[in-house]
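S.K.:
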Amino acid sequence: MSENLPSWHGTTILSVRKNGRVVIAGDGQVSLGQTVIKANARKVRRIGANNDILVGFAGATADAFTLLERLEGKLEKHPGQLTRACVELAKDWRTDRYLRRLEAMMAVADKEVSLVLTGQGDVLEPSDGIIGIGSGGNYALAAARALIDMEVDAEQIVRKSMAVAAEICVYTNSNVIIESL
8 MSENLPSWHG
18 TTILSVRKNG
28 RVVIAGDGQV
38 SLGQTVIKAN
48 ARKVRRIGAN
58 NDILVGFAGA
68 TADAFTLLER
78 LEGKLEKHPG
88 QLTRACVELA
98 KDWRTDRYLR
108 RLEAMMAVAD
118 KEVSLVLTGQ
128 GDVLEPSDGI
138 IGIGSGGNYA
148 LAAARALIDM
158 EVDAEQIVRK
168 SMAVAAEICV
178 YTNSNVIIES
188 L
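Each residue of the sequence shown is one higher than the one before, starting from 8 at the first, in the working numbering.
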């Protein structure tokens with residue numbers, strides 16, 4: 008029965024780490040089937056005691072917010088230890104009967120590390136410091152990898168890569184929110 012319902016699509020999240028700076032961007036589009044429901048959703052946030060952690064999320068909105076709240080709780084228990092907090096969240100996400108049904112992914116970064124969290128219990132640190140998630144994530148990721156060696160900063164790479172994704176992916180728009188550390 009639910010197989011016939013249109014699915015929610017949308018979100019391109021890109022994180023680029025270059026020259027001591029990390030930038031995360033997210034587009035604003037949320038689609039239901041072939042219809043744009045919202046064009047200015049905010050999918051990138053600052054969290055942590057000093058707003059020193061950036062989070063971008065893709066997937067079901069309520070699920071993403073639930074995971075965001077859980078991550079904040081883990082950070083309170085493990086202040087200054089982003090990787091440990093993410094591993095603890097991933098353990099819960101993988102093993103808890105309620106949490107394991109949540110459909111979302113997260114890109115998380117602080118001054119030291121960039122991580123991808125998935126519902127399969129993955130906490131992955133990309134070797135090149137570039138993360139792309141969501142429906143247009145692979146397009147933005149490919150563009151960022153092509154630009155990373157150019158003489159431009161992380162924010163310029165993110166802006167251009169998100170523009171490329173918006174031109175290719177019908178579930179991505181050019182209404183981009185950017186946060187950086």
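Every residue, glycine too, gets a C-beta built ideally from N, C-alpha and C.
All values derive from a computational prediction rather than experimental measurement.
Do the stretch 34–46 and the stretch 102–120 make contact, defined as three or more Cβ pairs closer than 8 Å?
M.R.: Counting Cβ pairs under 8 Å, fewer than three are found: no touch.
S.K.: Classify E95 as buried or exposed, calling it buried when 16 or more other Cβ atoms lie within 10 Å of its own Cβ.
M.R.: Buried.
S.K.: Whole angstroms is fine: what's the gap from R53's alpha carbon to A151's?
M.R.: Going by the C-alpha atoms only, they are around 22 Å apart.
S.K.: Any chance you could list the beta strand (DSSP E) runs of at least 3 consecutive residues sitting entirely within the stretch 40–124, in chain order?
M.R.: Complete beta strand (DSSP E) runs here, min 3: 42–45, 51–54, 60–66, 111–116 and 121–124.
S.K.: In chain order, what residues of the same chain lie with their CB nearer than 8 Å to the CB of R28, ignoring the 5 residues before and after it?
M.R.: Here the set comprises D160, A161, E162, S187 and L188.
S.K.: Does DSSP classify V159 as helix, strand or coil?
M.R.: Three-state DSSP puts V159 in coil, outside helix and strand.
S.K.: Quick check on N180: buried or exposed, where buried means 16 or more other Cβ atoms within 10 Å of its Cβ?
M.R.: N180 is buried by the Cβ-count criterion.
S.K.: Find the nearest neighbour of D117 within the set Q127, L89 and A111, judged by alpha-carbon distance.
M.R.: Checking every option, the nearest Cα to that of D117 belongs to L89.
S.K.: Can you find the residues in the same chain that come closer than 8 Å, C-beta to C-beta, to A92, ignoring five residues on each side of it along the sequence?
M.R.: Here the set comprises L78, K81, L82, K84 and H85.
S.K.: At what residues does the beta strand (DSSP E) containing L21 begin and finish?
M.R.: T19 to K25 is the span of the beta strand (DSSP E), which, as asked, contains L21.
S.K.: What are the boundary residues of the alpha helix (DSSP H) that includes G144?
M.R.: Unbroken alpha helix (DSSP H) run through G144: G144 to L154.
S.K.: Thinking V23 and I137 are a contact (beta carbons under 8 Å), I'd like their distance in whole angstroms, please.
M.R.: Confirmed, Cβ separation roughly 5 Å.
S.K.: Hey, how far is the Cα of A65 from the Cα of A111?
M.R.: Cα to Cα, the separation comes out at about 5 Å.
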